[in-house]
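Residues 1045 to 1487 (my numbering) are what the sequence shown spells out, left to right.
Think of the CB as a built atom: it goes at the ideal place given N, C-alpha and C, for glycine as much as any other residue.
The model shown is predicted, which means the values in this text are computed figures rather than measured ones.
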Amino acid sequence: MLAGIGFVLAACAGTLNAQHGSPAGPVAIDRLAARRTALAAKLGTGLAIIGSQDLRDLERDYLQDSDFRQDNNFFYLTGLETPSSWLVVRATGSGRPDAVLYLPPRDPAQEAWTGPKLGPGPEAAAMTGIAEVRSTESFESDLAAWLAGGASPAPSTVYVSLGAAARDSTLARMLQGYRGSVTDAAPILASLRLVKDEDELQRLRRAIQITGEAHREAMRFTAPGQYEYQIEAAIEYVFRAHGAERLGFPSIVGAGPNSVTLHYDKNRRQTDGDDLIVIDIGAEFGYYTADVTRTLPVAGRFTPRQRAIYELVLGAQEAAMQAVRPGITIRELDRISRAYMDQNSGSLCGSDPCTRYFIHGLSHWLGMDVHDVGDYRTPLAEGMVLTIEPGIYIPEEELGVRIEDDVLVTRNGYELLTADVPRAVDAIESLMQRQPEWVTGRP
Ligand code: GLY
Ligand code: MN
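Below, the structure written as structure tokens:
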């Protein structure tokens, strides 16, 4: 019996590639190597320890799904989906960093439940470009040698990916006795992840394309009487059908009174013909997520009041978007968009401008996390991706409008990554006159 399992596992080994079967495919090795080199360049004489995610436990954790998702920083640097693993990176001064990858030894008993896993060995080295791949069984003794300096001076600082340190008591104990300084690796990794490379942009573009397709489907599908969750189902069908492996965040489908709750995701209301509906969604593709919001009139036509508020939000968004270019900050964009709203509200919201109903920030970074890592004071630079999402929420009228697009900063300005998702009133109304190719039955 055991021999039989061993045979099956050996036979599967060839399929254990970095992201076997993922619609996004593996991250190119030269990209991974470039990211590790960029990390090492920021470490000086320090050492970085990056932990992976652990498998979740169906008995212990409250799971909405049993799917393993890798830690973002670990995936960024290794492209691997292996649980309970470690990456150690150190600058050598030669331009090529020292990197050692630690993977758990294969475990037939566990693999019978959760599937074949990549173990230490040449296969993992070939997939990551990291020549040195060892078993996690030697992590503790190796780390002691790394911290003591081994053949080279002891590192001045140990940078640790925090999730890993919080989780791993062995690491915490060893670092407690360490004489140098121990600090969080997150700010360094965030500064790297803020500027997207070609592989990241490819994944983001695809996540955004899929999300755009889902928005167009929602525009065709939405009609009075639909439940919010039925619209959510139409959206998430499109996500999965196009190879998105998860949601970047819970889908927000909020009609009427729910349109003014920023992160409403219960999606339980039956829509009414008078409602506006805020649909804020993001497919995750190959570990990168889109974040796109459209606001629709459930009946297919905006009322004059809904249209006026919508166009004010759209104008505030355009004003900020037109200003996107290297050097400007998110804070300045936010100011531009609020100034537009101040100057163009007329009497729409009474004697004061509608800006008092714009109750959240204009923008956030976008990438592996929907609110991606990165210092918000950083001036924009080519390769950064951010959202632009003004909104007006008037609870007393049960009227919420948010319009959110994803923007790539280019050398001289920006590229609107969400350009093919209808945004103008006429474009939305015209698509809403169409029927989807399929229509779900009522529950
Ligand atoms: N899309 C949700 C948010 O940006 O907070
Ligand atoms: Mn957002």
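| Check | Outcome |
| --- | --- |
| Where GLN1220 sits in the DSSP three-state scheme | helix |
| Cβ-heavy atom distance, ASP1416 to the ligand GLY, below 6 Å | no |
| Per-residue DSSP class, three states only, for ASP1450 | strand |
| Sub-7 Å separation of PRO1164 and ARG1178 beta-carbons | yes |
| Close-in-space but distant-in-sequence residues of the same chain around THR1462 (CB under 7 Å, 5 per side omitted) | ILE1252, GLY1256, VAL1336, ASP1449 and ASP1450 |
| Cβ-heavy atom distance, ASP1324 to the ligand GLY, below 6 Å | yes |
| Spatially closest choice to ASP1111 from TYR1308, PHE1118, THR1126 and ALA1077, by CA coordinates | THR1126 |
| GLU1184 (DSSP reduced to helix, strand or coil) | helix |
| CB contact check: GLU1433 to chain B, cutoff 7 Å | Of the chains in the structure shown, none is chain B; there is only one protein chain. |
| Residues that DSSP places opposite SER1179 in a beta bridge | LEU1147 |
| Alpha carbon of ALA1068 to alpha carbon of PHE1329, nearest angstrom | 7 Å |
| CA-to-CA distance, ILE1325 to ARG1478, given in whole angstroms | 21 Å |
| Segment contact, 8 Å Cβ cut-off, at least three pairs: the segment 1418–1429 with the segment 1235–1247 | yes |
| Integer Cβ distance of GLU1272 from GLY1298, believed to fall under 8 Å | 7 Å |
| Alpha-carbon to alpha-carbon, GLN1270 and GLU1473 | 17 Å |
| Assumed close pair ARG1237, TYR1332 - CB separation to whole angstroms, cut-off 8 Å | Between TYR1332 and ARG1237 the Cβ distance is about 11 Å, and since that is not below 8 Å, they are no contact. |
| Near the ligand MN: ASP1335 beta-carbon under 6 Å from a heavy atom | yes |
| Length of the line joining the Cα atoms of PHE1265 and ASP1319 | 15 Å |
| Residues near VAL1202 by beta carbon distance below 6 Å, same chain, minus five either side | LEU1091 and VAL1226 |
| Short Cβ contact (7 Å threshold) for ILE1296 with TYR1308 | yes |
| Short Cβ contact (7 Å threshold) for LEU1492 with ILE1353 | The requested residue 1492 does not occur in the structure, where the chain is confined to residues 1045 to 1487. |
| CA nearest to the CA of ALA1082, picked from HIS1064, ALA1135, ASN1116 and THR1172 | ALA1135 |
| Residues bridged to TRP1409 (per DSSP) | LEU1430 |
| For TYR1458, three-class secondary structure by DSSP | strand |
| Every unbroken alpha helix (DSSP H) inside the segment 1341–1424 [4 residues or more] | 1348–1366 and 1374–1388 |
| Cβ neighbour criterion (16 or more within 10 Å) applied to LYS1161 | buried |
| Rounded C-alpha distance that separates PRO1423 from ILE1374 | 7 Å |
| With 16 other Cβ atoms within 10 Å as the buried cut-off, status of ALA1192 | exposed |
| CB contact flag (ASN1540, SER1200, <7 Å) | Past the edges of the chain, shown from 1045 to 1487, lies residue 1540, and the structure says nothing about it. |
| 7 Å Cβ cutoff met for VAL1357 and ILE1436 | yes |
| According to DSSP, residues forming a beta bridge with GLN1314 | TYR1271 |
| Residues bridged to TRP1130 [DSSP beta-bridge criterion] | GLY1095 and TYR1146 |
| Distance between VAL1342 and MET1263 (C-alpha atoms, nearest Å) | 9 Å |
| Paired residues, beta bridge with ARG1237 - DSSP | Answer is none; ARG1237 lacks a bridge partner. |
| Three-state secondary structure (DSSP) of CYS1056 | In this prediction, CYS1056 scores a pLDDT of 40, lower than 50, which makes its location untrustworthy; no coordinate-derived value is stated. |
| GLU1328: CB within 6 Å of a non-hydrogen atom of the ligand GDP | Questions concerning the ligand GDP fall outside what the structure shown contains, since the ligands it does hold are the ligand GLY and the ligand MN. |
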